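Everything on this sheet refers to the single structure shown next.
2 protein chains.
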Amino acid sequence: MADKPSIPKGTRDFSPLEMTRRSYIFDTIREIFKLHGFLPIETPAMENLTTLLGKYGDEGDKLVFKVLNSGDFKAKLSREELEGPAARLGNLISGKGLRYDLTVPFARYVVQHRSEIAFPFKRYQIQPVWRADRPQRGRYREFYQCDADVIGSSDLLNEFELIQIIGEVFEALRLSVEVRLNHRKVLAGIAEVIGIPERMTDFTVAVDKLEKVGREGVMDELRQKGIGQGSLSRLDPLLDLEGSTREKLDFLEDFLHTSEIGNEGLAEVRRLFEYEGDHPVGTRLEFDLTLARGLNYYTGSILEVNSQEVSMGSICGGGRYDDLTGIFGLEGVSGVGISFGADRIYDVLQQLDRFPEEGELDTRLLFVNFGETEVRHILPILGRLRKRGIAAELYPEPAKMKKQMNYAHQRGIPFVALVGEQEIREGILTLREMDSGSQEKLTTDELLERLSPAK
Amino acid sequence: MADKPSIPKGTRDFSPLEMTRRSYIFDTIREIFKLHGFLPIETPAMENLTTLLGKYGDEGDKLVFKVLNSGDFKAKLSREELEGPAARLGNLISGKGLRYDLTVPFARYVVQHRSEIAFPFKRYQIQPVWRADRPQRGRYREFYQCDADVIGSSDLLNEFELIQIIGEVFEALRLSVEVRLNHRKVLAGIAEVIGIPERMTDFTVAVDKLEKVGREGVMDELRQKGIGQGSLSRLDPLLDLEGSTREKLDFLEDFLHTSEIGNEGLAEVRRLFEYEGDHPVGTRLEFDLTLARGLNYYTGSILEVNSQEVSMGSICGGGRYDDLTGIFGLEGVSGVGISFGADRIYDVLQQLDRFPEEGELDTRLLFVNFGETEVRHILPILGRLRKRGIAAELYPEPAKMKKQMNYAHQRGIPFVALVGEQEIREGILTLREMDSGSQEKLTTDELLERLSPAK
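Chains as they are written, first to last, in this note's numbering: chain A, 71 to 525; chain B, 71 to 525.
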C-alpha cells in the first residue's frame, strides 16, 4: 500500500463533528452581525502582492504566501528548469499572494467599490486567512477570521455597538468574558506627559507586558531602551493604578490634564463607560491601561476580550483606525472593527464542554435495509419525513443487521426503524430507541408526530 | 491619488447583494444534503502537490496553482535573488498547491481518516477551488463547488438518492431542470459490440459531440481517428435513436445482448428508471446515450443536469467511480457523487429573476439619529427589536436628515423611525414606510408587533 496521504504542516481537515461545532460558532456570530444591520462581503483568496505587501510590517511581509503563475509552465519543474537560467524561474513568480487578514482586503474593497457603497458601510466577513508562520500548538497556517467593521463614521456609537455585539455573541455562546478597553490617545497622552512623546511605540510595547513581567520588568525594559529616570518616575504611579474604572479614569484626568490628545482619548473612554452604565452590555467591561494591541494602524479606542473561565489569550479584539483606506488612495475615512478568533472560541467551548448537544439537522432516524421489497415501501415514508424537516436515512444496501446497527451507533443516530414483511402487512413499523434499546410499534403518522422537530 | 486598487484576473469580490443571493443557493443545497443525512467536512485550501498532481491529466496538472515557501525568504525578491544561481530560487518552490476540485481532497481525506469514519460515508463539502485557467466570461480562477458523495457502498439506491436530492434542490430553487442519465458500462458495451473495445475514450469523446456537430460530424471524427467502416456502420442506428427512454432501453437490450458489461450497465439504468417510476423525483429524467462526461474516473452511472428554461451548459453533474481512493492506497472502495455548479445556478436564477425578494435578516428599520438625548432613548428599543429577531440600526451619527434618509434608501431599508423630543415626551415614535412615504405614530409595543418576522 502507498504511504498514508497527509496535508501540509499547519493546516487542518475538519471532521463532521468539528464542522457542526464550528458552524455553531459562525452561525451565532453571523446572526448577531445581521441583527445589527451588518452586511456580508467576500473577497478572493488571492490578492495582488501590491495590495498585500507593506501593510503588515517586514515580519508580516515574510509571512504572506506567494502563488506561482502556474498556468504558464509545466506542473513538474524539470531539472533543466530548476538549474537553468534563473531569470526563467523568476518569470514564474506571479504577482499574487494569499490573503493574510480580512482588514487589508476590506480596505482595498472599499476603495475599489466606493461608488457602489452606502456609507457608513457596516460589513462583516467570515473567511479563512493564510500565514506562513512556523506551525505550533494553537497556531495554524490556515485559519478563519470573523470580522465586523464600520467604515465612514467616527462616532463612538459605533464602538458601543461593537461592544454590544461582543456582549450578545458571548451571551449566546454561554461564555463569561471580560472586555478590556483602552485608547491609543490616552497612551499617547501619557507618553507626552512623562516627556517621551516620540517614544510611543517603545512605551506601549513595554507597558503591554506589565501583567507578564511585572512592574520592575517594564521599568527595566524602558531603561534599556534609553528612557530617562525622570520619565520613569513620572510613569511609576500609573503602573500601580488600582481600583474601579471610575477611580482609574479620575486619576488619569488629573494626570493627563496638560495633554490635549490624552484628554480627547479620556473623554471617549468616559463616554463609552457612560453608555455602558445606562445600557449594560451583559458582560464585564474594564478599563485596562496596559492594553496596547500590536497592530500599528489603530489610532483610537482599542479592546480585547478574554474568557473569565479559561486561560487562553484574547478571543476577540479590535479598535479604531483613522486612515486605513489611505494606503489605497482614499484619505480621511475613519473605521472601527472587531475580529472574533473562532479557533480560540472553539477551544474555550470545548474545554468547558459547552457545545450544544446535537446539531439542528443531524440524522434522527435510520431505516434498516432488509431488501428490495422493503425499500420500495420505505422510500415514500422517507420523503414524508424529510418534507417535515426530519433528517432521515435508509441504509443503502441490505447488509447484515449488525453492520447496519453499528452504523447507526457510530453515527450517533438516536432512532432506528425496522420495517419487515410483517410490518408492511400490518401497515406499521418498529421504532427502536438506540440509547435505551426500547422498541415500540407505530403507524407512519405516529412516527412523523413522534420525530417532529418541535419535540 | 494612487491607482485604484484591483484584484487578480479571474477572481471576484462578492457584494452584500451577491452574498445574500449566493447564500440562498448554498443554504438551500446544504439544507437538503442534511435532510438526507449527509455530513459536512472541510479540507485545507493547500494540499501537498503529491496529492494533487497526476489526478487531473496533464492539462489539469498545469492548472494547479503552486504556492511558494514564503516563510523562508524575503517578500520582495531582490534582483540578485532573481538573477543569482537558479538553485536558490528552486528552493522556494514548496510542495504545496491550491485545491483544484473537492473530489481528490475528499478521497485523500477518506484514506487519511478511514479509522474514524462510519462507512458508508455520506459527506458534503462546499468550498472554493482554484484553477489557473485562462479567465473568460463565466470561467473563473476561483469558484465554489458544492459536492455530495457517498463512499463505501455500491448499491444503486445511492444513485437514486442523489437524483432525489437534485430534484429537491431544484424544486426548492423553483427551477425546471432535466436530468440526463447514462452509464459508462453501456458505453463500454457499445464499443465492444461495434468491435472497438480498446477505443472507448475516442468513441465517447466523439459521441459526446453529437448534439453539437451532428451525426456526420461524429462519424467524421471517428473516421479520422482510424475507426473502420464496419464499426461505424454498426454504430449508425444508435446515433439515430429516438423515442421514449423505454424504447431506447429496449433497443439497446437487443443491441447489447452479446456484451456482458453492456448488459450490466443497462440493468442498472433500468433499475434507476424503475425507482423513478415508482417514486417520481419531481423533475424530468431522461436516458441520454451521448452523455459521456469528461472525467476519466467515472466507471458506472453518469448524469448531468440542465435548465429547461435557460440555455447554459450543465448546472450539476456526477457519477460513480469504482476506485477513487485507490490512488491513495485504499483499494476497492466504490463511490458516487454529484457536484452543483453554484455560479451557473446563480446565473440561471438571475436571468429568470427568480431570487427571493429579500434576505431573511436584512435590516428592517433604521432609526434616524437626532442627537445624544434621542440616542439614549432609542438604544433600549433597538435591543428589544433585536431580541425579537428584527434586524435594526441606528444611524451612527447625528448627520443631516437628508443624508440619513439617503442611507436608508440606498440600503433598501423598508422602514425609518423618527424619534424626536416630542415623540419622547409622548412615549411614541413616528414610523415611515419608505416606499409609500406614509407615516404613522406607534408605541414601542405596537412597533414590535408591526415588524415581527412572522408578518
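Even glycine gets a Cβ: it sits at the ideal position worked out from N, Cα and C.
Just so it is clear, the structure is predicted and the values come from calculations on it, not from any experiment.
Burial state of residue i (16 or more Cβ within 10 Å)
i: residue 186 (chain B); result: exposed
i: residue 426 (chain A); result: exposed
i: residue 388 (chain B); result: buried
i: residue 310 (chain B); result: exposed
i: residue 107 (chain B); result: buried
Beta carbon of residue i nearer than 8 Å to that of residue j
i: residue 250 (chain A); j: residue 361 (chain A); result: yes
i: residue 260 (chain B); j: residue 332 (chain B); result: yes
i: residue 371 (chain B); j: residue 354 (chain B); result: no
i: residue 92 (chain B); j: residue 210 (chain B); result: no
i: residue 137 (chain B); j: residue 87 (chain B); result: no
i: residue 437 (chain A); j: residue 487 (chain A); result: yes
i: residue 276 (chain B); j: residue 292 (chain B); result: yes
i: residue 485 (chain B); j: residue 455 (chain B); result: no
i: residue 398 (chain B); j: residue 178 (chain B); result: yes
i: residue 182 (chain B); j: residue 75 (chain A); result: yes
i: residue 357 (chain A); j: residue 252 (chain A); result: yes
i: residue 279 (chain A); j: residue 287 (chain A); result: yes
i: residue 78 (chain A); j: residue 118 (chain B); result: yes
i: residue 461 (chain A); j: residue 243 (chain B); result: no
i: residue 190 (chain A); j: residue 220 (chain A); result: yes
i: residue 84 (chain B); j: residue 385 (chain A); result: no
Under the three-state DSSP convention, the category residue i falls into
i: residue 347 (chain B); result: helix
i: residue 225 (chain B); result: coil
i: residue 489 (chain A); result: coil
i: residue 142 (chain B); result: Residue confidence for residue 142 (chain B) is low, a pLDDT of 45 falling below 50, so the modelled location carries little weight; the figure read from the coordinates is stated next. In this structure, residue 142 (chain B) counts as helix in the three-state DSSP scheme.
i: residue 389 (chain B); result: strand
i: residue 210 (chain B); result: coil
i: residue 83 (chain A); result: coil
i: residue 192 (chain A); result: strand
i: residue 432 (chain B); result: coil
i: residue 306 (chain B); result: helix
i: residue 115 (chain A); result: coil
i: residue 294 (chain A); result: helix
i: residue 439 (chain B); result: coil
i: residue 460 (chain A); result: coil
i: residue 364 (chain B); result: coil
i: residue 510 (chain B); result: strand
i: residue 254 (chain B); result: helix
i: residue 450 (chain B); result: helix
i: residue 247 (chain A); result: strand
Whole-angstrom distance between residue j and residue i, CA atom to CA atom
i: residue 127 (chain A); j: residue 134 (chain A); result: 11 Å
i: residue 80 (chain B); j: residue 418 (chain B); result: 20 Å
i: residue 322 (chain B); j: residue 256 (chain B); result: 9 Å
i: residue 172 (chain A); j: residue 409 (chain A); result: 9 Å
i: residue 494 (chain A); j: residue 339 (chain B); result: 27 Å
i: residue 363 (chain B); j: residue 305 (chain B); result: 20 Å
i: residue 335 (chain A); j: residue 442 (chain B); result: 19 Å
i: residue 147 (chain B); j: residue 95 (chain A); result: At residue 147 (chain B) the pLDDT is 48, less than 50, meaning the model places this residue with poor confidence; the figure from the coordinates comes in the next sentence. Cα to Cα, residue 147 (chain B) sits roughly 40 Å from residue 95 (chain A).
i: residue 283 (chain A); j: residue 413 (chain B); result: 54 Å
i: residue 161 (chain A); j: residue 180 (chain B); result: Low per-residue confidence applies at residue 161 (chain A): pLDDT is 48, beneath 50, and the placement is therefore not dependable, though the value from the model is reported in the following sentence. Rounded to the nearest angstrom, the two C-alpha atoms are 37 Å apart.
i: residue 406 (chain B); j: residue 103 (chain B); result: 14 Å
i: residue 453 (chain A); j: residue 492 (chain A); result: 22 Å
i: residue 374 (chain A); j: residue 239 (chain A); result: 14 Å
i: residue 203 (chain A); j: residue 123 (chain A); result: 16 Å
i: residue 341 (chain B); j: residue 315 (chain B); result: 13 Å
i: residue 268 (chain B); j: residue 298 (chain B); result: 13 Å
i: residue 232 (chain A); j: residue 98 (chain A); result: 15 Å
i: residue 262 (chain A); j: residue 359 (chain A); result: 15 Å
i: residue 377 (chain B); j: residue 120 (chain A); result: 41 Å
i: residue 248 (chain A); j: residue 273 (chain A); result: 25 Å
i: residue 402 (chain B); j: residue 393 (chain B); result: 6 Å
i: residue 509 (chain B); j: residue 447 (chain B); result: 20 Å
i: residue 281 (chain B); j: residue 308 (chain B); result: 13 Å
Same chain only: Cβ atoms within 8 Å of residue i, ignoring 5 sequence neighbours per side
i: residue 471 (chain A); result: 438
Same chain, Cβ closer than 6 Å to residue i, neighbours up to 5 away in sequence not counted
i: residue 474 (chain B); result: 438, 465
Cutoff 7 Å; reference residue i; Cβ partners in own chain excluding five residues on either side
i: residue 199 (chain B); result: 169, 170, 171, 172, 213, 215
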